[in-house]
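Engineer: The structure is given below, and queries will be raised subsequently.
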Amino acid sequence: MPVVSLENTITLALSVRDRHASAAWYEKNLGFEVLYHADEAGWSELQTKTEGVTLGLGEQAEPSPGNTVPVFGVADIAVARTALEGEGVKFDGETETIEGMVSTATFYDPDGNALMLAQDLSK
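In terms of this note's numbering, the sequence shown is residues 3 to 125.
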C-alpha cells in the first residue's frame, strides 16, 4: 500500500515569462484549454488533451527551463511535426524512431522548455 493515495490527475509545471502569452501559445499550437489564470498567484492552468493531465504555468521574471519533458502522444508524428514547424516551432534534431516501438521528436516552447511528441508504433 502506498504512503499516499493519489488521484488520477497530474499537473506538469513549467516556468514562463508571460503566462498569458504562453497560455495562448499552448492553445493555438496544441489545442489546450485555459482552465484559469490566478493572477494574484502568478499561476495559470490549462487542460491538456489527456484526461486528468493539466499544464501549470508559473510566471517568473527569468524562467530557467527545467528537466521535466512532458511527452504528448500523437497519431501521426510527421503530420504533427509539420504543422508545428509551419507555426515556427523549433525542433531539436530529426524525429527519432525505434522500429516497432515509438517515434519521438523534441520541440521547444517560447521559453525554451523541452516538450516531446511521441507516436506509438507498437499497435
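Here a beta-carbon is modelled for each residue, glycine too, at the ideal position from N, C-alpha and C. On a predicted model such as this, the values are computed, not experimentally measured, just so you know.
What number of angstroms, rounded off, separates the C-alpha of Arg19 from the C-alpha of Leu57?
Structural biologist: Counting from one through the sequence shown, the residue named residue 19 turns up at place 17. Counting from one through the sequence shown, the residue named residue 57 turns up at place 55. Computed Cα separation, rounded: 15 angstroms.
Engineer: Assess, as a yes-or-no matter, whether the stretch 78-94 is touched by the stretch 36-50 under the definition of 3 or more beta carbon pairs within less than 8 angstroms.
Structural biologist: Counting Cβ pairs under 8 angstroms, fewer than three are found: no touch.
Engineer: Given a cut-off of 7 angstroms on the beta-carbon distance, is the pair Asn10 and Gly54 in contact?
Structural biologist: Here the question's residue 10 lines up with position 8 in the sequence shown. Here the question's residue 54 lines up with position 52 in the sequence shown. Yes.
Engineer: Quick one: Cα of Glu47 to Cα of Ser17, how far?
Structural biologist: Counting from one through the sequence shown, the residue named residue 47 turns up at place 45. Counting from one through the sequence shown, the residue named residue 17 turns up at place 15. If I take the Cα positions, the gap works out to 12 angstroms.
Engineer: Between Gln62 and Phe109, what straight-line distance do the alpha-carbon atoms span, to the nearest angstrom?
Structural biologist: Your numbering for residue 62 matches position 60 in the sequence shown. Your numbering for residue 109 matches position 107 in the sequence shown. Their Cα atoms are separated by approximately 21 angstroms.
Engineer: Our contact map puts Leu117 next to Val104 with C-beta atoms below 8 angstroms; I'd like the distance itself, whole angstroms only.
Structural biologist: Your numbering for residue 117 matches position 115 in the sequence shown. Your numbering for residue 104 matches position 102 in the sequence shown. Not a contact, Cβ separation roughly 15 angstroms.
Engineer: Given that a residue counts as buried once 16 or more other Cβ atoms are within 10 Å of its Cβ, and exposed if not, what is Thr70?
Structural biologist: For the purposes of this step, residue 70 is taken as residue 68 along the sequence shown, with counting starting at 1. That one is exposed.
Engineer: Pick out whichever of Val91, Glu64, Pro65 and Glu29 has its Cα sitting closest to the Cα of Gln49.
Structural biologist: Taking the first residue of the sequence shown as position 1, residue 49 is located at position 47. The candidate whose alpha carbon is nearest that of Gln49 is Glu29.
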